[in-house]
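Protein chains in written order, with this note's numbering: chain A, 855 to 948; chain B, 12 to 417.
Structure below.
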């Protein structure tokens with residue numbers, strides 16, 4: 855299982871690459887920085903792109919209706935969400 | 012009713028801004044780049060170069076973070092629109108509003124994003140289709156981006172009629188102002204030349220091949236012309252009713268006196284037609300409707316590009332329209348800019364304002380079938396009126412008359 859810091863780093867790289875945030879580095883995004891609206895200033899189209907990116911990066915299937923807004927609040931929140939989904943997948947497979 | 016041009020922004024292989032285009036037209040120097048053939052779209056024997064734009068020339072005109080999701084077409088359109096606003100002394104918050112419309116033209120829309128999206132769907136299924144890519148595959152996306160930037164809430168449309176798209180967009184803008192449905196129209200043309208459309212144009216044998224010197228060159232109106240050089244870029248014009256522009260003391264680049272639209276049903280989907288007789292009649296009628304005759308035209312800014320069939324149709328229409336009278340000087344800016352609608356629009360504005368043009372590069376011998384000798388580099392008096400002529404493969408035709416306000 856991936857640890858928290860590895861998941862967060864991969865999410866930060868994903869946000870930068872997938873959302874074309876040129877000039878940003880993973881170090882420049884705090885784990886608790888607000889992603890949408892204020893903070894990084896992402897919007898609903900970014901959210902759609904981000905969901906696709908997370909699916910491909912972590913091999914998940916994310917149904918948007920089942921994901922609470924709080925999961926997209928920050929990199930840390932997204933990391934927790936991804937980790938819980940990965941654990942669910944492992945439990946099912948096991 | 013006529014309208015006046017109160018702002019011009021332009022981007023092309025030669026750089027950004029009217030001054031850079033002016034230098035290119037005066038020197039007759041084209042800027043060609045090697046096309047990326049690594050995607051495998053091209054045949055081994057295909058054309059290798061195009062007039063490509065270095066993004067660095069317009070980066071300063073992009074509004075930071077909001078441009079990050081934009082296609083090349085959106086970026087060039089918005090950058091040119093912001094340049095146009097500035098060139099006319101308009102503050103950005105003066106541009107938009109309920110009475111500002113947008114009328115754009117594009118030949119092939121955003122081919123790069125479309126190719127990437129289709130490849131994505133083909134490889135990994137529709138569920139993986141990127142929202143970013145999808146948004147910008149819609150041909151009206153660029154006009155939408157400009158509207159969002161300036162908060163322009165008037166009508167918003169994009170015409171895709173190949174090479175005539177930009178001229179048709181200007182004609183539509185003139186109609187919108189004439190009908191009173193807008194007080195300002197942001198109009199113009201944008202085209203990107205990514206590897207896929209370049210390879211496809213080559214498959215249709217539309218592109219110029221290298222001469223003995225190894226250079227692929229548009230030989231406009233020449234006996235031995237063999238196709239055009241594909242290019243990319245954008246030109247945006249700000250149009251306003253003359254009385255409104257006068258009332259606010261606007262800088263004016265010229266007046267659009269009238270526009271004429273027609274269609275040539277003899278044209279196959281992928282080529283120019285042969286219907287010069289009815290098109291010449293349409294042009295003559297259109298000029299007459301606005302009280303003009305061919306003798307009132309001092310220069311022609313032709314959309315001829317080096318295509319065998321397109322240049323022939325253009326030449327035959329002009330010869331039939333002028334009849335026994337001598338044709339005015341014919342400028343062929345696509346011999347420098349390559350084929351994209353925006354280059355011709357901006358070159359026409361420059362021509363109206365006394366631009367010096369080099370002898371038409373690539374032209375050596377008169378084609379006896381055409382009987383046209385394009386501009387030879389001689390010094391020309393500043394014109395009072397210019398006919399801008401734009402014919403598209405597939406049949407669309409549009410002409411408009413630019414008139415000096417001085």
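Ideal Cβ placement from N, Cα and C applies to all residues, glycine included.
Quick check on this structure: which residue in the options has the alpha carbon closest to the alpha carbon of residue i?
i                      : options                    : result
residue 307 of chain B : B:395, B:367, B:44         : B:395
residue 18 of chain B  : B:106, B:120, B:330, B:337 : B:106
residue 199 of chain B : B:94, B:276, B:233, B:287  : B:94
residue 898 of chain A : A:867, A:926, A:942        : A:926
residue 138 of chain B : A:878, A:906, A:889, A:872 : A:906
residue 51 of chain B  : B:207, B:150, B:253, B:351 : B:207
residue 59 of chain B  : B:101, B:290, B:172, B:211 : B:211
residue 887 of chain A : A:921, A:933, A:922, A:943 : A:933
residue 413 of chain B : B:266, B:135, B:78         : B:266
residue 61 of chain B  : B:381, B:116, B:204, B:88  : B:204
residue 264 of chain B : B:362, B:149, B:234        : B:362
residue 389 of chain B : B:278, B:367, B:218        : B:367
residue 29 of chain B  : B:245, B:136, B:122, B:71  : B:245
residue 242 of chain B : B:119, B:379, B:103        : B:119
residue 279 of chain B : B:405, B:370, B:57, B:76   : B:405
residue 24 of chain B  : B:289, B:15, B:40, B:78    : B:40
residue 3 of chain B   : B:49, B:104, B:144         : Not covered by the structure: residue 3 of chain B. The range shown for chain B is 12 to 417.
residue 187 of chain B : B:318, B:252, B:321        : B:252
residue 305 of chain B : B:215, B:338, B:134, B:169 : B:338
residue 69 of chain B  : B:76, B:109, B:77, B:87    : B:87
residue 360 of chain B : B:27, B:32, B:380          : B:32
residue 325 of chain B : B:262, B:299, B:175, B:260 : B:175
residue 301 of chain B : B:289, B:281, B:271        : B:271
residue 876 of chain A : B:123, B:75, B:49, B:65    : B:75
residue 56 of chain B  : B:202, B:185, B:213, B:192 : B:213
residue 900 of chain A : B:43, B:141, B:219         : B:141
residue 277 of chain B : B:380, B:290, B:295        : B:290
Tell me whether residue i sits in a helix, a strand or coil according to DSSP, three-state version.
i                      : result
residue 855 of chain A : coil
residue 202 of chain B : strand
residue 227 of chain B : strand
residue 94 of chain B  : helix
residue 64 of chain B  : coil
residue 184 of chain B : helix
residue 78 of chain B  : helix
residue 7 of chain B   : Residue coverage of chain B in this structure runs from 12 to 417, which leaves residue 7 of chain B outside it and unanswerable.
residue 369 of chain B : coil
residue 375 of chain B : coil
residue 364 of chain B : coil
residue 6 of chain B   : The structure shown does not extend to residue 6 of chain B, since chain B spans only 12 to 417, so no value can be given for it.
residue 221 of chain B : strand
residue 916 of chain A : coil
residue 145 of chain B : helix
residue 102 of chain B : coil
residue 233 of chain B : strand
residue 878 of chain A : coil
residue 341 of chain B : strand
residue 896 of chain A : strand
residue 285 of chain B : coil
residue 907 of chain A : helix
Could you work out which residues of chain B lie near residue i, taking near to mean beta carbons separated by less than 8 Å?
i                      : result
residue 895 of chain A : 76
residue 899 of chain A : 80, 142, 143, 146
residue 876 of chain A : 79
Can you name the residues that DSSP bridges to residue i?
i                      : result
residue 252 of chain B : B:14
residue 246 of chain B : B:21, B:200
residue 274 of chain B : B:407
residue 112 of chain B : B:196
residue 399 of chain B : B:312, B:411
residue 163 of chain B : B:108
residue 215 of chain B : Paired residues: none, contrary to the question.
residue 169 of chain B : B:115
residue 45 of chain B  : B:60
residue 52 of chain B  : According to DSSP, residue 52 of chain B bridges with nothing at all.
residue 241 of chain B : B:350
residue 27 of chain B  : B:22
residue 890 of chain A : A:896
How would you list, in chain order, the residues of chain A whose beta-carbon sits under 9 Å from the beta-carbon of residue i?
i                      : result
residue 139 of chain B : 906, 909, 910
Whole-angstrom Cβ separation of residue i and residue j, contact assumed at under 8 Å?
i                      : j                      : result
residue 312 of chain B : residue 399 of chain B : 5 Å
residue 196 of chain B : residue 112 of chain B : 5 Å
residue 340 of chain B : residue 303 of chain B : That belief does not hold up - the Cβ atoms of residue 340 of chain B and residue 303 of chain B are roughly 18 Å apart, past 8 Å.
residue 163 of chain B : residue 115 of chain B : Between residue 115 of chain B and residue 163 of chain B the Cβ distance is about 12 Å, and since that is not below 8 Å, they are no contact.
residue 401 of chain B : residue 355 of chain B : 7 Å
residue 393 of chain B : residue 365 of chain B : 4 Å
residue 234 of chain B : residue 370 of chain B : Contact flag wrong, Cβ pair sits at about 16 Å.
Starting from the beta carbon of residue i, find every residue of chain B whose beta carbon is closer than 7 Å, and list them in chain order.
i                      : result
residue 902 of chain A : 142
Between residue i and the ligand GTP, is there a pair consisting of the residue's CB and a ligand heavy atom that are separated by less than 6 Å?
i                      : result
residue 170 of chain B : Ligands in the displayed structure: none, and consequently the ligand GTP is not present.
Answer with yes or no whether the minimum CB distance from residue i to chain C is below 7 Å.
i                      : result
residue 250 of chain B : The structure shown contains no chain C; its protein chains are A and B.
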